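Quick note on numbering: this note's numbering labels position 92 of the sequence shown as 134, and the sequence is numbered without any gaps.
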Amino acid sequence: MENEDAQQMLMEMQKNQQQMQQIVQQKEETESELQESKKALKELEKKEEGEAYRQVGNILVAKDRDKLEDELEERVEDLEVRKKSLSKKEEQLQSKLEEAQQQMMQQQG
Numbered sequence: 043m044e045n046e047d048a049q050q051m052l053m054e055m056q057k058n059q060q061q062m063q064q065i066v067q068q069k070e071e072t073e074s075e076l077q078e079s080k081k082a083l084k085e086l087e088k089k090e091e092g093e094a095y096r097q098v099g100n101i102l103v104a105k106d107r108d109k110l111e112d113e114l115e116e117r118v119e120d121l122e123v124r125k126k127s128l129s130k131k132e133e134q135l136q137s138k139l140e141e142a143q144q145q146m147m148q149q150q151g
């Protein structure tokens, strides 16, 4: 393996590792927001009809309970899709990293 090739491969691995860290962080943030949204939805389902409140910035705004429930359900669905997408990207990057590590080991050995 030429030195330039090894250096290029190492740079690519580092780039993939950085992307992996970003994806893991995004996935954790998404999971946290998903759990918060599910918890809010569960609490909202306990409430009968009428108004509920939603935080907008630093204030609470009155909103129709059913409308807020619909928004939360949609948010939960969106977050679940995002989480799946991030998991798929994470798996792809992990595969790339493992493949690159094997290539480097073969070239060195």
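In this text, a Cβ means the ideal position worked out from N, Cα and C, and glycines have one as well. All of these numbers come straight from a predicted model, not from anything done at the bench.
Ranked by Cα distance from Glu75, the first of Leu139, Val123 and Gln136 is Val123. In the DSSP assignment, Glu44 falls outside any beta strand (DSSP E) and carries neither an H nor an E. If you draw a straight line from the Cα of Asp108 to the Cα of Gln59, it comes to about 44 Å. For Glu93, the uninterrupted beta strand (DSSP E) segment begins and ends at Glu93 to Val98.
With a cutoff of 8 Å on beta-carbon distance, Met51 and Gln134 are scored as not near each other.
The beta carbon of Ser79 sits closer than 8 Å to the beta carbons of Leu114, Arg117, Val118 and Leu121 from its chain, once the five residues preceding and following it are set aside; these are given in chain order. Membership of Lys105 in the beta strand (DSSP E) is indicated by the continuous run Ile101 to Asp106. Rounded to the nearest whole angstrom, the C-alpha separation of Val66 and Lys131 is 10 Å.
The beta-carbon separation of Glu71 and Lys125, rounded to 10 Å, does not stay under the 8 Å limit for a contact.
In its chain, beyond the 5 residues on either side, Leu135 have a beta carbon closer than 7 Å to the beta carbon of Gln61.
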